[in-house]
Amino acid sequence: MEDGRGKAVCGQEALDLLNCVTQSPFDQEKCVRLLNSLRECVLNKKVKKFSLADQEQKDAKPIDKKA
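To convert, note that position 23 of the sequence shown is 23 in full-length UniProt numbering; the numbers rise steadily by one, no gaps.
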């Protein structure tokens, strides 16, 4: 799902959360705040599903499996 500028809706919030969980030392309180921020964005923007750009290409071009 993209906004009018071609940016993923709630993409920055999702990226911030993903980067948070990779940090060492792990700051659980910070990550929970970011999770809540992402949740609020998803609810406000009525996001139903996330997908990665790689997945979108795969979904658009089904692989022809030959038996």
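The beta-carbon is built from N, C-alpha and C at its ideal position, and this holds for glycine as well.
Note that this is a predicted model, so its numbers are computed, not measured.
Since D16 is in the alpha helix (DSSP H), which residue starts that stretch and which ends it?
The residue given as residue 16 occupies position 16 in the sequence shown. Residues 11–22.
Buried or exposed (CB count within 10 angstroms, at least 16 for buried), L43:
To locate residue 43, count along the sequence shown from 1; it is residue 43. Under this definition L43 is an exposed residue.
Span of the alpha helix (DSSP H), counted from its first residue to its last, around V32:
Counted from its first residue, the sequence shown places residue 32 at position 32. 28–45 is the span of the alpha helix (DSSP H), which, as asked, contains V32.
Cβ-based burial, L34 [other Cβ within 10 Å; buried from 16]
Counting from 1 along the sequence shown, the entry for residue 34 is found at position 34. The residue in question, L34, is buried, as its Cβ has 16 or more Cβ neighbours within 10 Å.
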